[in-house]
Structure formats: C-alpha cells, structure tokens
Amino acid sequence: MFDQKELEQLVGAMRENGITTLEVDTGEDRLRLVLPPTPVRPAAMEEPHIATVAAKSPAIGIFLPRGGDDGLTELASGAAVSEGELLGYVSQGAVRVPVTSPSAGRLVGEAPEEGAILGHGDIAFVLEIRQ
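Numbering of the sequence shown is given in the numbering used here, commencing with residue 10 and proceeding in unit increments.
So, in structure tokens, the structure goes:
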C-alpha cells in the first residue's frame, strides 16, 4: 500500500498539520496511523517591566515616618503599598503634610531618618512598580 518513504511523508504531514489520527481504507488494504498528541507549549510569557518611581516631599520640613503616633503600622523596605497610601509626613511645626505613594508598588531602599530635613521635591521614598 505505502512504502517507507511515503509513510514518513504522511507522518510528517500529520505533524505539520496537527493531525493525530489518519485512516486510509482502499477496500483491499487498510492503514491507520495514530500519533501522540503534540504537547501544547505555553505561550511565552513576557517578563513584566520593572520601573522605579519616586515619592517626593510635598513641602519643606522635618521628616516623620508613619507609625509613630498616628496609629498606623511602620513601613519597611520591601513593603507593598497602594497608590495614595500614606508613607510618612513632612512636619512644619504643628502642621504635618502627608507624603503619599504616587502609585502601587513595593518600597525599595531606606526611608529618610526620622528628623531628617527635606526640601520641596526631595525624594523621600523609591518604589518599584511593574508595568
């Protein structure tokens, strides 16, 4: 019915077209080819792009970390934060100006020391974000 070369061509065509079963019946001869299913390769997952963004001081003053006397938990490097989350304060006498997260991410590096003087626009925190 088929020679070896023709069988190899049939099997190759089956693989190229994703066919796992082929039956040929000529009346006199019958051929049935069954191939194992082709493993499905997972789509290549693109690695997320990691960028950094700065949470900047909104004012001139003395840095106060959150968690001192405000009832919030302290933040450490590696902590996950949400967009708009309070990260600390810049104190101007009795007034505390909040330093908030510009986007959701993870804190990297160290926060300023308590009592450090910050200028307007100084980087207070660095966040790692996935894009």
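The C-beta atom is built at its ideal place from N, Cα and C for all residues, glycine as well.
Asked                                                                                            : Found
Euclidean distance between Cα positions of ASP131 and ALA120                                     : 12 Å
Contacting residues, own chain, Cβ-Cβ under 8 Å from THR61 (five flanking each side not counted) : VAL117, VAL135, LEU136, GLU137 and ILE138
Sub-8 Å separation of ILE71 and SER112 beta-carbons                                              : no
DSSP beta-bridge partners of SER100                                                              : ILE71 and ARG105
Enclosing alpha helix (DSSP H) for LEU19 [first to last residue]                                 : 13 to 26
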